[in-house]
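One structure is given below, encoded as structure tokens.
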Amino acid sequence: MADAKPRVKVPKTAAKGEVITLKTLISHQMESGQRKDKEGKTIPRQIINKFTCEYNGQPVFSCDLDPAVSANPYLEFTAKVEESGTFKFTWVDDDGSIYTAENELKVE
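Okay, so the sequence shown: first residue is 1 according to UniProt numbering, each after it adds one.
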């Protein structure tokens, strides 16, 4: 699925110890593998099956996604930040494709 495009929203700055909200969205059809095409053949499953978020190499949030998740999955979660660093977001597709995004955060 070459057209999957991740988008993330991370504040540019935060205070030390602040709990911030992170928002992610990836453009993906999330084909469940349960529908049939015009010829009656099953359309193969192809979903984003795993999402992870790390901050300075430490896990912040992760989840497994199932076929029941709608197209273009949106995730929102929080993280407490103590120091400036980089958030790394990773989405893994059934076909082995890996999509990533990184955002810097400055703690003041």
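Each residue gets a CB set at the ideal place from its N, CA and C atoms; glycine is no exception. Since this is a predicted model, take the numbers as computed values, not measurements.
Less than 8 Å separating the beta-carbons of residue i and residue j?
| i | j | result |
| --- | --- | --- |
| Thr52 | Thr86 | no |
| Asp95 | Gln46 | yes |
| Ala101 | Pro6 | yes |
| Pro73 | Ile48 | yes |
| Thr24 | Leu65 | no |
Identify every residue that forms a DSSP beta bridge with residue i.
| i | result |
| --- | --- |
| Pro67 | Partner(s): none; Pro67 has no beta bridge. |
| Ser97 | Paired residue(s): none; Ser97 is not in a bridge. |
Would you call residue i buried or exposed, if buried means 16 or more other Cβ atoms sit within 10 Å of its Cβ?
| i | result |
| --- | --- |
| Ala14 | buried |
| Ile98 | exposed |
| Thr21 | exposed |
Please work out which residues of its chain come closer than 8 Å, Cβ to Cβ, to residue i, disregarding the five sequence neighbours upstream and downstream, and give them in chain order.
| i | result |
| --- | --- |
| Glu82 | Lys16, Gly17 and Val107 |
| Ala4 | Ile26, Ser27, His28, Ile48, Trp91, Asp93, Ser97 and Tyr99 |
Assuming residue i and residue j form a contact by the criterion Cβ under 8 Å, report the distance between their Cβ atoms to the nearest whole angstrom.
| i | j | result |
| --- | --- | --- |
| Gly33 | Pro59 | Their Cβ separation, rounded to whole angstroms, is 29 Å, which puts Gly33 and Pro59 out of contact at 8 Å. |
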